[in-house]
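Each residue of the sequence shown is one higher than the one before, starting from 1 at the first, in the UniProt record's numbering.
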Amino acid sequence: MAAVKKITNYIIARPKLFNFIKPIADRYCDLAGYRKVGLMYEDLLREESHTVQLALKRLPPRLAYDRAFRIRRALQCSVTHTLLPKEEWIKAEEVCSRQK
């Protein structure tokens, strides 16, 4: 995880590199498809990990409820082989504003 932070900080510190990488990263997130079923990246992390279990215990009740709702809704989409309507997709701005 420390290596990821180093790489991220390296890219952010260089505007030209950041401007080159950002569209590629955005496109990758779109192609991954998890936002199209209403999931955020954090929802994809394995709950079996001790670190993730501790983080989930520390979540405020509202965020824990929202996470459970997103996962159940995504499972329903998976069972029915459908995507959410476009207005219900998770947008990159929602994820960025939540991380700040």
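Beta carbons are placed, not taken as given, at the ideal position from N, Cα and C, and that holds for glycine.
Helix, strand or coil for Lys-91, going by three-state DSSP, please let me know.
coil
At least 3 beta-carbon pairs within less than 8 angstroms: the stretch 21 to 38 vs the stretch 70 to 82
yes
Since Ser-78 is in the alpha helix (DSSP H), which residue starts that stretch and which ends it?
61 to 80
According to DSSP, simplified to helix, strand and coil, what is Glu-42?
helix
Please confirm whether Leu-63 and Val-52 have their CB atoms less than 7 angstroms apart.
no
Any beta carbon of chain D sitting closer than 7 angstroms to that of Leu-44?
In the displayed structure, chain D is absent; only one protein chain is listed.
Can you tell me whether Ile-21 is buried or exposed? The criterion is at least 16 other CB atoms within 10 Å of its CB, across all chains shown.
exposed
First and last residue of the alpha helix (DSSP H) that includes Pro-15?
15 to 32
Mapping the DSSP letters down to three states, classify Leu-54 as helix, strand or coil.
helix
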